[in-house]
Every structure is written in structure tokens, then in C-alpha cells.
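Trainee: Dumping the structure here so I can ask a few things about it.
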Amino acid sequence: MPPLSESLADLSDLRRFGLALTRDDRFVLDHAAAAALVDRLFRQASFEAVDAAPAGEAKGHAPEDARVRAFGQFVRLYRRHARRLVFDEGEAGWDESADSARDRARAGDVDMSVAVRSLPLELREALLIVVLANFTHREAASALDISLATLVTRLTKARERLSAMTRSPNAAATADVAERSIPHLRIVK
Amino acid sequence: MEAWRLTDLHAFVDDCLEADQRLAFEKRMAEDPALAHRATMWRAQNSAIRSAFAGEGPRAFPISIVRHHNEAPGRGRRPAAIGARASRELASRSFPPELEDASRIATKVGAASDFRPLPLWRLVVAAAFLCLGWVWSPAATVVPANGLGTAAVAAFQAFVRPGVAPVEFATGDRTESQEWLNARLSRPVYLPAAPSALSLLGARIAPFPGAPAAFLVYASHDNRVGLLVRSLDAPMTREPELLAADGGDAAIWTWRGQGFALVGDLDAPSLLKIAQALFYSPAEGDQTTPERGS
């Protein structure tokens, strides 16, 4: 009897997402390194996908979509990898690059891929899983193991930072005019 | 902006609204230019992100994700409060037509069957993943062996010649060399212990594409050999192997996340022998963990 496989799914989306997610300005500096890392993480994710389903259900968890599960495993593996790298580098936290990245990426002078790479990992993964992998917000929150409100907060921060980093001077002026009419309120849970 | 408006805005920008919700939001945008402006800006941003990463992942990787037999097709889909796109729709959008057919067939087979998969199947599937991994694994991108070899040969030709100081930091002590290098390179360097036939002369910084690398010079009887060390992104450990690089020979291996290239005025078998001595000589526990910037 064949295994009850959903399909031979073409998960090139996951590879594209993985390549975009793993490239940064600190540890994975070029495409070849990112490709090698993604392939290695994805092999691990595949094995865990086989093993994790029965365990999750044995605990009474609701069955999850295989695609969400695969992305979720990839993200967790990458977070673990990133933490280990940061630990090896002797730095304080895996998400601390935000300020220095913003310093490096001054307003209006970086292209989109550079701007995305300079986002902190938690913002980058939220944005890329929605935009590149076309996940719904609920699916993205599930894959990233965060609440929907947290996802929306991270999307907002990511998009605002990208806008600040990538807009041209003219667009920046237009946006400033527009943003003056938009009240900036912090979302409080 | 209120939280619910922000949530709806993101859902609109990311195409997560149902048709009626979408219409309602478009009406709200018509009355609120600032909201419309922000939606337009974020949509353009989405397009720019997709374009920026469009070249990524051109290869397609068929991956079989195993579903448990209790997970009948259609069950377990989360309600789409904001996310109205069904997962099936999402998934099928990225499949070629022939895979869609395969998917439908597999789904029917899955729906008709009601047996628990045998553990043997898990093993078979795991073996299949392993095979896929081998096929999938990039052949040459994990370790830039040619780059290491070429850089090492170039460094040896540039620095280890009469009239030039081969090292910037002359020392026979491995730990001192390691500390000196760690103070100058952005990533830690772990040096192997030298076998008795080799004596360390010192270290220097050598050019390497993208970032500088560590270069050590050893004396082996009357000859000198150079060892280029470069941090790589988590390569698998690989034993030394010979490589023809830029008119010379180099022995290349990886260890502890680094690539090594040994070059020198020796024949290829002698180089390989020294490389193997370096590779096998240190016990992992004997290595000193370097401190950055010390």
C-alpha cells in the first residue's frame, strides 16, 4: 500500500523562500553559501516531516497542512542555525542587527533585496513567508509559531522599515506628506 | 491606525480577503486617501520583493510530504478569518498541471484507503528522502574547492619567495597564531595541531574573494608549505583530496566549518601526506577555542 502522500509537491516556493530568508549581511554572504545552507536545512526538514506528523497527532494536535508544516520546520531549523552562529560569534542576540542594519541602510539608498536582507530575522521571515510563499496570514502565523496579532505587528514593522530604506527622495517627500495624515499609533495587545 | 484597520490593510495587500470583504475595503479606501496610499505603497513593495527574489530557486525540487492517514483531504483546514485563500488553491497554484493530476490521483487513493501506514513505509520514505537529498545536493557549491586552491597557490607565490617576509606574525606557537588571526578576521579561526614533521613559521592575512583568509607558513625539512584557512558556511567535514589549481597542486579539506588548502613546493603525494597528517593529527578536544578580538 502506498503511503498516504498528499502529492509529489513541487516545493520550489520553499527553496525560493529559503534562499531569500537565509541570505543576510552577517553570516551567509553569497548565493552559493545560501543554496548550500538551504539544501542542508531542507533535507533535515524533510526527515522531520516524516517523523513529526504521527507525534503531533498522538498528542491530540489538530492535523496541519503539510505545506505549512514543511515551511514551519524549515523556519525552526534556520532559527536554530542562526542562534548557533550568533552564539559562536559571541554576540548577545540573534535579532540585534536591526539597529546596525538600519544604520547601514540609510533612507532611500538601497535596493529591495539589500533592504530585505538587512531586516531582523523575525521581521524578514514574516514578510517573506507572506509575500514570496503566498501564505495566508493564518497559515503564516501557524508556520512561524506566533499569534496572528504578532504576525500583523511584524508585517507592519517590516513594511515600514522597507519603505524607509527604499523610497526615493521624491517618493519619500510624497510619503511624508501622506504619512502626516496617518496617525501613528502603537498596537498594544 | 486602529488594529483592525491595519489587519485589514495587510490582508488586502496580501490578497487574503474574500470578494465581499475586498469590496468593502475598497470602498473604505475610496473615502480615505491615506489608507489607499499606504495600500498602493505596500502593494508596490510586494511586487518589488517578488521581483528582487524572482531569480532565486529556479530549480524545482519534488518533495513528498507524508500525510498521516487520519488527515483526510480537506480536513484540518484552518478557518480563514482573514486568510481566505484555501491551502489547496495555494498549493495547486505552484504545481505544474501534470503534478496537479498526480495530486488528485494521490488524494483519491488516500481518501479510499483507511489503513495505518506500516513502519516499514516510513523507512522506505526516509530512504527515498535520502536519495532525493543526494540527487538534490549541489555538487560543487558546498565547498569552493577551486577558489580555496587558487587563493592558496596565489598567496604562496606572492609571499613565500626570496626577498619577501612570508609571515606578518612570526611564531612557532599555534595558539598565538590563532589569537593573532582572530584579532584580525571577522570569524574565528581554528587551527589544526601541526604534526612533528612540520614546524610553524608564522601567520599572515591573505586575500580571498569576499573576505580575507588566514594563511600559515610551515617548514617541512628544507621546504616550505602554506596553509590557507577560510571560514565557510557549515560545510560537511571532508578528508583531504588533491586538486590542480592555477598551475600548482593543492590539498583541500574541510574541518570545523572551515576550508583548508595546503600548497607548497612539493610533489602532489607529499602534499597530500602532510594534509592528511594535519587533518588526522588533532583530537577535537585538544583544540583551543579562540576568543574573538583578543
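Taken in order, these protein sequences are the chains called A and B. Counting in our numbering, the first sequence tops out at residue 189, every number present. Counting in our numbering, the second sequence tops out at residue 483, every number present. For glycine and all other residues, C-beta sits at the position ideal for the given N, C-alpha and C. Everything numeric in this text was worked out from a predicted model, so none of it was measured.
Please identify, using Cβ separations under 7 Å, the residues of the stretch 202-231 of chain B that lie next to chain A, in order along the chain.
Mentor: The residues in question are 203, 205, 223, 226, 227, 230, 231.
Trainee: For residue 78(A), is the classification buried or exposed, using 16 other Cβ atoms within 10 angstroms of its Cβ as the cut-off for buried?
Mentor: Residue 78(A) should be labelled buried.
Trainee: Taking the C-alpha atoms as reference points, what is the distance between residue 154(B) and residue 124(A)?
Mentor: A question about residue 154(B) goes unanswered here, because the residues of chain B that appear run from 190 up to 483.
Trainee: When DSSP labels each residue in this structure, what does residue 287(B) get in the three-state scheme?
Mentor: In this prediction, residue 287(B) scores a pLDDT of 41, lower than 50, which makes its location untrustworthy; the coordinate-derived value is nonetheless stated afterwards. It is helical.
Trainee: Under 8 Å between beta-carbons, which chain B residues line up against residue 150(A)? List them in chain order, please.
Mentor: Correct list: empty, because the minimum Cβ distance to chain B is about 12 Å.
Trainee: To the nearest angstrom, report how far apart residue 241(B) and residue 461(B) are at their CA atoms.
Mentor: One C-alpha to the other measures close to 44 Å.
Trainee: Do you know offhand how far residue 401(B)'s Cα is from residue 35(A)'s?
Mentor: Rounded to the nearest angstrom, the two C-alpha atoms are 22 Å apart.
Trainee: Taking C-alpha atoms, which residue in 470(B), 404(B), 222(B) lies nearest to residue 450(B)?
Mentor: Looking at the Cα atoms, 404(B) is the closest of the given residues.
Trainee: Report the partner residues of residue 367(B) according to the DSSP bridge assignment.
Mentor: DSSP, once it has assigned bridges, lists no residue as partnering residue 367(B).
Trainee: Using beta carbons (cut-off 7 Å, strictly below), is residue 241(B) in contact with chain A?
Mentor: It does; some Cβ of chain A falls within 7 Å.
Trainee: In three-state terms, what does DSSP make of residue 396(B)?
Mentor: Three-state result, residue 396(B): coil.
Trainee: I need the DSSP call for residue 338(B), collapsed to helix, strand or coil.
Mentor: Residue 338(B) falls in the helix class under three-state DSSP.
Trainee: Please report the straight-line C-alpha distance between residue 406(B) and residue 28(A), rounded to a whole angstrom.
Mentor: If you take the alpha carbons of residue 406(B) and residue 28(A), they lie about 28 Å apart.
Trainee: Report yes or no: do the stretch 451-459 of chain B and the stretch 365-378 of chain B share at least 3 C-beta pairs separated by less than 8 Å?
Mentor: The answer is no - the stretch 365-378 of chain B does not touch the stretch 451-459 of chain B, with fewer than three Cβ pairs under 8 Å.
Trainee: Looking at the unbroken beta strand (DSSP E) that takes in residue 420(B), where does it start and where does it end?
Mentor: Where residue 420(B) is concerned, the enclosing beta strand (DSSP E) stretches over 412-420.
Trainee: Do you know offhand how far residue 154(B)'s Cα is from residue 344(B)'s?
Mentor: Any question about residue 154(B) goes unanswered here, given that chain B covers just 190 to 483.
Trainee: Have a look at residue 363(B) and residue 356(B) and give me their C-alpha separation to the nearest angstrom.
Mentor: Approximately 14 Å between the Cα atoms of the pair.
Trainee: Between the Cα of residue 412(B) and those of 219(B), 311(B), 463(B), spot the shortest distance and give me the residue it belongs to.
Mentor: Among 219(B), 311(B), 463(B), the Cα nearest to that of residue 412(B) belongs to 463(B).
Trainee: In the DSSP assignment, find the unbroken alpha helix (DSSP H) run with residue 441(B) in it and report its ends.
Mentor: Run containing residue 441(B): none in the alpha helix (DSSP H); it sits in the beta strand (DSSP E), 437-444.
Trainee: Mapping DSSP to helix, strand and coil, what is residue 357(B)?
Mentor: Here residue 357(B) sits in coil by DSSP.
Trainee: For residue 155(A), I'd like the list of residues in its chain whose CB is within less than 7 Å of its CB, leaving aside the five on either flank, ordered along the chain.
Mentor: Once the five neighbours on either side are set aside, the close Cβ partners of residue 155(A) are 126, 127, 130.
Trainee: Counting only C-beta atoms, is residue 443(B) closer than 7 Å to chain A at any point?
Mentor: Residue 443(B) does not count as touching chain A.
Trainee: Between residue 205(B) and residue 445(B), what straight-line distance do the alpha-carbon atoms span, to the nearest angstrom?
Mentor: Near 45 Å, if we compare the C-alpha coordinates of residue 445(B) and residue 205(B).
Trainee: By the criterion of Cβ-Cβ separation under 7 Å, what are the contact partners of residue 162(A) in chain B?
Mentor: The contacting residues are 234.
Trainee: Between 216(B), 208(B), 235(B), 219(B), which has its C-alpha nearest residue 199(B)'s C-alpha?
Mentor: Residue 235(B) is the option with its Cα nearest to residue 199(B).
Trainee: On a CA-only basis, which of 239(B), 334(B), 367(B), 309(B) is nearest residue 383(B)? Give me that one, please.
Mentor: Ranking 239(B), 334(B), 367(B), 309(B) by Cα distance to residue 383(B) puts 367(B) first.
Trainee: For residue 309(B) versus residue 441(B), is the C-beta spacing smaller than 7 Å?
Mentor: Result no, Cβ atoms of residue 309(B) and residue 441(B) do not sit closer than 7 Å.
Trainee: State the Cα-Cα distance for the pair residue 454(B) and residue 439(B), rounded to the nearest angstrom.
Mentor: Those two C-alpha atoms are separated by around 10 Å.
Trainee: Got a sec? Which residues, its chain only, sit under 7 Å from residue 19(A) by beta carbon, not counting five neighbours each side?
Mentor: Closer than 7 Å at the Cβ level, and outside the excluded window around residue 19(A), lie 34, 35, 38.
Trainee: Looking at the C-beta of residue 159(A), does it have a partner C-beta in chain B at a distance below 7 Å?
Mentor: Interface residue, yes.
Trainee: Taking only beta-carbon positions, decide if residue 238(B) is within less than 7 Å of chain A.
Mentor: Chain A, which has a Cβ nearer than 7 Å to the Cβ of residue 238(B), makes this yes.
Trainee: Are the beta-carbon atoms belonging to residue 218(B) and residue 225(B) less than 7 Å from one another?
Mentor: In this structure, residue 225(B) lies closer than 7 Å to residue 218(B) by Cβ.
Trainee: Let me know the secondary structure DSSP gives residue 28(A) once reduced to three states.
Mentor: Residue 28(A): coil per DSSP, three-state reduction.
Trainee: Closer than 6 Å by C-beta to residue 249(B): which residues in its own chain qualify, once you throw out the five before and the five after it? Chain order, please.
Mentor: The pLDDT assigned to residue 249(B) is 42, lower than 50, so where the model puts this residue is not dependable, and the model offers no usable value.
Trainee: How is the beta strand (DSSP E) around residue 407(B) delimited, first residue to last?
Mentor: That run of the beta strand (DSSP E) goes 402-409.
Trainee: Under a Cβ-count criterion, where at least 16 other Cβ atoms within 10 Å of its own Cβ denotes burial, should residue 379(B) be classed as buried or exposed?
Mentor: Residue 379(B) is buried by the Cβ-count criterion.
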